[in-house]
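A.B. asks: Below is one structure. I have some questions about it.
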Amino acid sequence: MLVDTVLLNCKVYLDKEIFEAGIAIENGKIAKIGKQPNLPEASEKIDLKGCLALPGLIDVHVHLRDQELAYKETFYTGTAAAAAGGITTVLDMPNNKPTTMDESTLQERMRIAESQILTNVGFYSAFPEEKAQITQLAETGAVAFKIFLVKRIGGLNIDDDYEIIEMLISAKKLGNPVAFHAEDRKEIEEKRQKLMLEGKNDISAFLEAHSPEAEIKSVRRIIALAKSSDTHVHICHVSCGEALKLISEAKKRRMKISCEATPHHLLLSSNDFSEKGSLMLTDPPVRSKEEQQLLWKGVSEGEIDIIASDHAPHALEEKFSDEIWKVSPGVPGLETTLPLMLTQVNRGLLSIDDLVRLMAENPAKIFGLDGKGILKNGFSADITVVDLNREGIIDSSKFYSKAKYSPFDGWVVKGLPVKTFVNGVLVMDEGEIVAKPGVGMIIRRKF
Ligand SMILES: [Zn+2]
Numbered sequence: 091m092l093v094d095t096v097l098l099n100c101k102v103y104l105d106k107e108i109f110e111a112g113i114a115i116e117n118g119k120i121a122k123i124g125k126q127p128n129l130p131e132a133s134e135k136i137d138l139k140g141c142l143a144l145p146g147l148i149d150v151h152v153h154l155r156d157q158e159l160a161y162k163e164t165f166y167t168g169t170a171a172a173a174a175g176g177i178t179t180v181l182d183m184p185n186n187k188p189t190t191m192d193e194s195t196l197q198e199r200m201r202i203a204e205s206q207i208l209t210n211v212g213f214y215s216a217f218p219e220e221k222a223q224i225t226q227l228a229e230t231g232a233v234a235f236k237i238f239l240v241k242r243i244g245g246l247n248i249d250d251d252y253e254i255i256e257m258l259i260s261a262k263k264l265g266n267p268v269a270f271h272a273e274d275r276k277e278i279e280e281k282r283q284k285l286m287l288e289g290k291n292d293i294s295a296f297l298e299a300h301s302p303e304a305e306i307k308s309v310r311r312i313i314a315l316a317k318s319s320d321t322h323v324h325i326c327h328v329s330c331g332e333a334l335k336l337i338s339e340a341k342k343r344r345m346k347i348s349c350e351a352t353p354h355h356l357l358l359s360s361n362d363f364s365e366k367g368s369l370m371l372t373d374p375p376v377r378s379k380e381e382q383q384l385l386w387k388g389v390s391e392g393e394i395d396i397i398a399s400d401h402a403p404h405a406l407e408e409k410f411s412d413e414i415w416k417v418s419p420g421v422p423g424l425e426t427t428l429p430l431m432l433t434q435v436n437r438g439l440l441s442i443d444d445l446v447r448l449m450a451e452n453p454a455k456i457f458g459l460d461g462k463g464i465l466k467n468g469f470s471a472d473i474t475v476v477d478l479n480r481e482g483i484i485d486s487s488k489f490y491s492k493a494k495y496s497p498f499d500g501w502v503v504k505g506l507p508v509k510t511f512v513n514g515v516l517v518m519d520e521g522e523i524v525a526k527p528g529v530g531m532i533i534r535r536k537f
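Residue numbers for the sequence shown follow the numbering used here, so the first one is 91 and each next one is one higher.
See the structure below:
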């Protein structure tokens, strides 16, 4: 037997253990994992020089932009950033221009992306205006639905509990999970109006409006609304301990609920605003050191299911304004998430098992990404190769993302992705993109 590619001289992560082995790849899939002498002959042999091969990492919270927001990011630059950061699959959020919210907008996004992408891409959709469109969205292959409770995006009236319950029931029937940006719109809007009238326009005003209470209130509402529908709900970017506690309690009552944390909420705190200013503004914002500690506790105790970047690129000028309300919240994260997390592995705050569970296994399970998330015969040859001993300094000027800034600029990291294979193709080698766009595949959820 002659296969396409064999990866030699690597350490392979298999079911919580690391083996000295090689990986044979055929037709974009893993054909065999085994000791070198037992591997088939291959047209191409790649020496991984003792580095660690992990299942291709999956980032479930990414804003790839493109279309009318192409000045912030495109399918090409966004997936190049992903591959450079050791990510092989991303899930794209629907708050685009035009909003991804019906069959035609989803199809158009898939059509544009197809020839441009360097990693696999699945798509979220917002809920449509016309209810009948929900089924068509699922048929077209939307991976999940997203509801922003902080601001209406798409056809759903977020102030109407009954409408939300109806949508959750439809999603359940179609088998799609529903992800939530959990912040209470009314509470934030009221506070914001009041602060603006008082002439308060700075970062502390933003933190006051986007308070932990607004998030907690929203998580409580989601849990109450989702209870009756039995739909899988996923809470994005949890930022405070109390919200996490509510989610954990709901899990104990056997609710189908999961949640994610971002590197910025885990590694930055509100103390950092004095140095980094509105550049590091995100929504929800990073919280106090105490909240940060509670998130880490959630990571180590398995309460947090996924680490996702919430890669949200903007033009640099959109990150600064005299009025904080005009600043676009969000930071790029595709190129920093893995190095930052590997650094925590080296510091003993995270194990490799945790990292693989949080960034590959759970994302594949929760979002129903068949054939991904673990290294196994017949599964996609999506492979993230890392060197745990390699040190580097985060330098946003070298990002593939169009957003060339980062709150982590200058941070020393230990542990870097050195090769990224997507569907068996070497896409990133030693930090450089070495494949042509189009090697990534559009993930369509089976209907
Ligand atoms: Zn987001």
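Here a beta-carbon is modelled for each residue, glycine too, at the ideal position from N, C-alpha and C.
1) Listed in chain order, which residues are found with a beta carbon closer than 6 Å to a heavy atom of ligand 1?
2) Any idea if Y252 is buried or exposed, counting beta-carbon neighbours within 10 angstroms, 16 or more meaning buried?
3) Given a threshold of 16 other Cβ atoms within 10 Å of its Cβ, counted over all protein chains shown, does L384 qualify as buried or as exposed?
4) Please state if the CB of T426 and the CB of S496 are separated by a distance shorter than 8 Å.
5) Between which two residues does the alpha helix (DSSP H) containing V475 stretch?
6) Is the beta carbon of K122 less than 8 Å from the beta carbon of N467?
7) So the alpha helix (DSSP H) F537 belongs to, where does it begin and stop?
8) Looking only at its own chain, which residues have a Cβ that is under 8 Å from the Cβ of V545, when we skip the five neighbours before and after it?
9) Count the other CB atoms, across all protein chains shown, that sit within 10 Å of the CB of P267; report buried if there are 16 or more and exposed otherwise.
10) Measuring CB to CB, does L352 end up less than 8 Å from G423?
11) From the DSSP output, in three-state form, read off M200 for me.
12) Sort L334, H354, M183 and P302 by Cα distance to K387 and report the nearest one.
13) For P127, does the count of other Cβ atoms within 10 angstroms reach 16, so buried, or fall short, so exposed?
14) For the stretch 290-304 and the stretch 265-282, state whether three or more C-beta atom pairs, one from each stretch, are separated by less than 8 Å.
15) At the level of alpha carbons, what is the spacing between Y166 and R343?
16) Between the beta-carbon of V96 and the beta-carbon of K135, is there less than 8 Å?
17) Using C-beta distances below 7 Å, list every residue in its chain close to S319, excluding the 5 sequence neighbours before and after it, in chain order.
18) I'd like to check one pair, L208 with A160: are the Cβ atoms closer than 8 Å?
19) Starting from Y490, trace the alpha helix (DSSP H) both ways and give me its first and last residue.
20) Where do the ends of the beta strand (DSSP E) carrying D519 lie?
21) Which residues bound the alpha helix (DSSP H) around L445?
22) If you run the structure through DSSP and keep just helix, strand and coil, what is H161?
23) Let me check understanding here. Comparing Cα to Cα, which of P453, L287 and H322 lies closest to L264?
24) If you measure between the beta carbons of G420 and T372, is that distance less than 8 Å?
25) Kindly give me the distance between the Cβ atoms of L92 and A132, rounded to whole angstroms, as I take these residues to be in contact under 8 Å.
26) Inspect the CB distances between the stretch 490-506 and the stretch 429-441 and report whether three or more fall short of 8 Å.
27) Taking the CB atoms as reference points, tell me whether D94 and G514 lie closer together than 8 Å.
28) Under the rule that 16 or more other beta-carbon atoms within 10 Å means buried, what is L406, buried or exposed?
29) Residues in the same chain with beta-carbon distance under 6 Å from A143, minus the five sequence neighbours each way, listed in chain order, please.
30) Classify R437: buried if its beta carbon has 16 or more other beta carbons within 10 angstroms, exposed otherwise.
31) Quick one: give me the first and last residue of the beta strand (DSSP E) that I429 is part of.
32) Quick one, are the C-beta atoms of L478 and V435 less than 8 Å apart?
33) Let's test the definition: count the other Cβ atoms within 10 Å of the Cβ of P130 and tell me whether it reaches 16, buried, or not, exposed.
34) From I291 to F457, what distance separates their C-alpha atoms?
35) Is D251 helix, strand or coil by DSSP?
C.D. replies: Result, derived from the coordinates:
1) H151, H153, M183, D400 and A402
2) exposed
3) buried
4) yes
5) Run containing V475: none in the alpha helix (DSSP H); it sits in the beta strand (DSSP E), I473 to I483.
6) yes
7) Neither: F537 is in no alpha helix (DSSP H) and is coded neither H nor E.
8) For the chain, the structure presents residues 91 to 537; residue 545 sits outside this window and is missing.
9) buried
10) Here residue 352 is Thr; the residue named in the question, Leu, does not match the sequence. In this structure, G423 lies closer than 8 Å to T352 by Cβ.
11) helix
12) L334
13) exposed
14) yes
15) 42 Å
16) yes
17) Cβ within range, chain order: I255, L258, I259 and K262.
18) no
19) That residue, Y490, is in no alpha helix (DSSP H); it is neither H nor E in DSSP.
20) D519: member of the beta strand (DSSP E) spanning V515 to D519, first to last residue.
21) Element bounds for L445: I442 to V446.
22) One point to set straight first is that residue 161 is Tyr, not His, in the sequence displayed. Y161: coil per DSSP, three-state reduction.
23) H322
24) yes
25) The beta-carbon separation of L92 and A132, rounded to 7 Å, stays under the 8 Å limit for a contact.
26) yes
27) yes
28) In the assembly as shown, L406 is an exposed residue. Its beta-carbon has fewer than 16 other beta-carbons within 10 Å.
29) C100, V102, I473 and V475
30) exposed
31) First, the amino acid is wrong: residue 429 is Pro here, not Ile. Note, P429: premise wrong, no beta strand (DSSP E); alpha helix (DSSP H) at T427 to R437.
32) yes
33) exposed
34) The amino acid occupying residue 291 in the given sequence is Asn; Ile does not appear at that position. Near 39 Å, if we compare the C-alpha coordinates of F457 and N291.
35) helix
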